[in-house]
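Structure, as structure tokens:
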Amino acid sequence: DAKTTQPPSMDCAEGRAANLPCNHSTISGNEYVYWYRQIHSQGPQYIIHGLKNNETNEMASLIITEDRKSSTLILPHATLRDTAVYYCIVRVEQGGSEKLVFGKGTKLTVNP
Amino acid sequence: AAGVIQSPRHLIKEKRETATLKCYPIPRHDTVYWYQQGPGQDPQFLISFYEKMQSDKGSIPDRFSAQQFSDYHSELNMSSLELGDSALYFCASSYEGRGDTEAFFGQGTRLTVV
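Shown next as structure tokens:
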């Protein structure tokens, strides 16, 4: 079962920052938070991941709270092409395989 | 940069037939994951392999089997196909399958069972 909770949907105006929250209150100390997105029926696209510290790359920023029970993905200047389902995933260590367990995700709609 | 390659991209089969889906991981990636995504559903983990050995198993039907070959490509074999097997099947690959290494997904195979 997924270890994360996300709002089912969010809207954002084009050019504004999109802040997508995620709760993962049962996360263990060595489990990473990953974000992926899926644009209609395409393969999930890796965005960013982190353990404790905030992370930034060319796509987004990831802010993880100090207690690691929640995080926020920030798309600094959303475009129409960022409309997708965004998945926050705690990568579970089990049997030597760190599989990704997808939850429900947040459907982000970027409006013109 | 090379990505995960899945073939075929589309497949139409009749009930009770057999299908084989192939996945070619990113070069030097030794871990492969298979996911199934039904219409309107989220991706569900099926099975994974690390260094040619099965490393984890999810909700994969007994009618399905998979393996990873010496060149690290993987095949998902599906027999006695049912209408409910119609879905997108994604493969992902990563290096060592560790929690701190990214997994990258292919574009998927759309299987339609008629």
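As given, the protein sequences belong to chains B and R, one line each in that order. If you want this note's numbering, it's the position in the first sequence, counting the first as 1, plus 489. If you want this note's numbering, it's the position in the second sequence, counting the first as 1, plus 6. Glycine included, each C-beta is placed from N, C-alpha and C at the ideal position.
Original post:
Enumerated in chain order, which unbroken segments of the alpha helix (DSSP H) with a length of 4 residues or greater are wholly contained in the segment 549–591 of chain B?
Top reply: none
Subject >> ASP91(R) (DSSP reduced to helix, strand or coil) >> reply: Numbered from its first residue, the second sequence carries residue 91(R) at position 85. ASP91(R) falls in the helix class under three-state DSSP.
Subject >> Cβ-based neighbour list, ARG22(R), same chain, cut-off 7 Å, excluding 5 preceding and 5 following >> reply: Translated into the one-based positions of the second sequence, residue 22(R) becomes position 16. Within the same chain, ARG22(R) has close Cβ partners SER86, LEU87.
Subject >> Whole-angstrom C-beta distance between ALA98(R) and PHE110(R), which should lie under 8 Å >> reply: By one-based count along the second sequence, residue 110(R) stands at place 104. By one-based count along the second sequence, residue 98(R) stands at place 92. Rounded, the Cβ-Cβ distance is 6 Å, consistent with contact.
Subject >> Closer than 8 Å at the beta carbon, the chain R residues around ASN519(B) >> reply: Counting from one through the first sequence, the residue named residue 519(B) turns up at place 30. Those within 8 Å of ASN519(B) in chain R are GLY105.
Original post:
Does GLU587(B) come within less than 7 Å of chain R when only Cβ atoms are used?
Top reply: Within the first sequence, the letter at position 98 stands for residue 587(B). Yes, GLU587(B) lies at the interface with chain R (some Cβ there is under 7 Å from its Cβ).
Subject >> Helix, strand or coil at PRO67(R) according to DSSP, with G and I counted as helix >> reply: In the second sequence, counting from the first residue as 1, residue 67(R) sits at position 61. Note: PRO67(R) maps to coil in three-state DSSP.
**OP:** Please state if the CB of SER61(R) and the CB of CYS29(R) are separated by a distance shorter than 7 Å.
**Re:** Position 23 of the second sequence, counting from 1, holds the residue named residue 29(R). Position 55 of the second sequence, counting from 1, holds the residue named residue 61(R). In this structure, SER61(R) does not lie closer than 7 Å to CYS29(R) by Cβ.
Subject >> Residue-level contact to chain B via CB, GLY114(R), 7 Å cutoff >> reply: Translated into positions along the second sequence, residue 114(R) becomes position 108. Yes - at least one Cβ of chain B is within 7 Å of the one on GLY114(R).
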